[in-house]
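First residue of the sequence shown: 1, per the UniProt record's numbering; consecutive thereafter.
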Amino acid sequence: MSSLKEKIPEVSNHATKISKTTQSRKSDISSLHGTSMIEISQHLAQLCDKALIAEECTLEANQEEIFCWYHYGRNFVLQEKALCYKNKIGEKKAKGLIYDEVVKQLNILRKKKSQDIGLPLPDVLRDSLRKKTQRALKIYKLFEKVGMDKIKYIRTYSANEISKLTNEEILAITDHFLNKPNTDFTDNL
Numbered sequence: 001m002s003s004l005k006e007k008i009p010e011v012s013n014h015a016t017k018i019s020k021t022t023q024s025r026k027s028d029i030s031s032l033h034g035t036s037m038i039e040i041s042q043h044l045a046q047l048c049d050k051a052l053i054a055e056e057c058t059l060e061a062n063q064e065e066i067f068c069w070y071h072y073g074r075n076f077v078l079q080e081k082a083l084c085y086k087n088k089i090g091e092k093k094a095k096g097l098i099y100d101e102v103v104k105q106l107n108i109l110r111k112k113k114s115q116d117i118g119l120p121l122p123d124v125l126r127d128s129l130r131k132k133t134q135r136a137l138k139i140y141k142l143f144e145k146v147g148m149d150k151i152k153y154i155r156t157y158s159a160n161e162i163s164k165l166t167n168e169e170i171l172a173i174t175d176h177f178l179n180k181p182n183t184d185f186t187d188n189l
């Protein structure tokens with residue numbers, strides 16, 4: 001999953017790069033009037049290749065996002081259990097303490113990153129973190145049961161789509177893999 005970072009160079013203004021690509025006359029086939037079929041087909045092949053590379057990078061980024069949310073959810077659960085045990089408090093109180101501290105630390109990170117890249121990044125609100133954590137916990141619970149190695153088979157579902165699965169759908173998926181543990185994970189959820 002680290003290959004994604006190798007393929008995409010860091011760009012300070014990604015939107016500018018995209019708009020330059022889409023507005024480029026080299027991308028417009030009408031500018032090739034009067035050129036040979038070989039030149040036109042080479043141009044089309046280059047555009048197709050660029051799209052295929054972007055598609056592969058998108059797939060890798062999607063899998064990496066799922067992988068990151070899985071680990072966030074896993075570590076959140078571990079921290080919650082540790083706080084409950086150590087401080088003899090309930091889950092709700094432990095979650096609240098974690099949310100408060102993570103929001104604080106996350107906003108410190110985002111402020112620094114904002115300064116580093118020169119773009120404003122909005123603060124993360126506690127309620128937003130709570131919702132993202134709930135989604136991460138769904139991803140964690142699913143892949144904890146079917147195996148996190150199955151993440152590499154996800155090709156069309158985003159982390160957000162997986163997090164919207166109902167408990168019944170997650171149960172059906174986990175039952176499928178518990179009954180057939182050597183089955184590859186396909187997009188036919």
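Cβ coordinates follow ideal geometry from the N, Cα and C atoms, glycine included.
Nothing here was measured: the structure is a model prediction, and the numbers come from that model.
Relative to the C-alpha of residue i, which candidate in the options has its C-alpha closest?
| i | options | result |
| --- | --- | --- |
| glutamate 80 | Lys131, Ile98, Ile162 | Ile98 |
| isoleucine 162 | Phe143, Ile38, Ala54, Leu119 | Phe143 |
| threonine 58 | Leu47, Lys104, Ser158 | Ser158 |
| asparagine 160 | Pro122, Met37, Asn87, Gln63 | Gln63 |
| arginine 126 | Tyr85, Asp100, Lys138, Ser114 | Asp100 |
Beta carbon of residue i: closer than 8 Å to some heavy atom of the ligand PLP?
| i | result |
| --- | --- |
| glutamate 39 | The ligand PLP is not part of this structure, which contains no ligands at all. |
Please classify residue i: does DSSP put it in a helix, a strand, or coil?
| i | result |
| --- | --- |
| tyrosine 140 | helix |
| lysine 50 | helix |
| valine 100 | It should be pointed out that residue 100 corresponds to aspartate in this sequence rather than to valine. Reduced to three states, the DSSP call for aspartate 100 is helix. |
| isoleucine 38 | helix |
| valine 77 | helix |
| lysine 112 | helix |
| isoleucine 173 | helix |
| arginine 25 | Note that arginine 25 has pLDDT 47, beneath the 50 cutoff, so the model's placement of it is unreliable and no number is given. |
| arginine 155 | coil |
| leucine 59 | helix |
| leucine 129 | helix |
| leucine 106 | helix |
Quick check on residue i: buried or exposed, where buried means 16 or more other Cβ atoms within 10 Å of its Cβ?
| i | result |
| --- | --- |
| threonine 133 | buried |
| lysine 112 | exposed |
| residue 193 | Nothing in the structure corresponds to residue 193, since the chain is present only between 1 and 189. |
| isoleucine 117 | exposed |
| isoleucine 139 | buried |
I think residue i touches residue j, with their Cβ atoms under 8 Å apart; what is that distance to the nearest whole Å?
| i | j | result |
| --- | --- | --- |
| lysine 141 | isoleucine 170 | 7 Å |
| valine 124 | leucine 106 | 5 Å |
| tyrosine 72 | alanine 172 | No, tyrosine 72 and alanine 172 are not in contact; Cβ-Cβ is about 24 Å, not under 8 Å. |
| lysine 145 | threonine 174 | 4 Å |
| valine 103 | leucine 121 | That pair is no contact at about 14 Å. |
Worksheet item: Counting pairs of beta carbons, one from the stretch 61-78 and one from the stretch 141-160, are three or more of them closer than 8 Å?
Response: Counting Cβ pairs under 8 Å, three or more are found: they touch.
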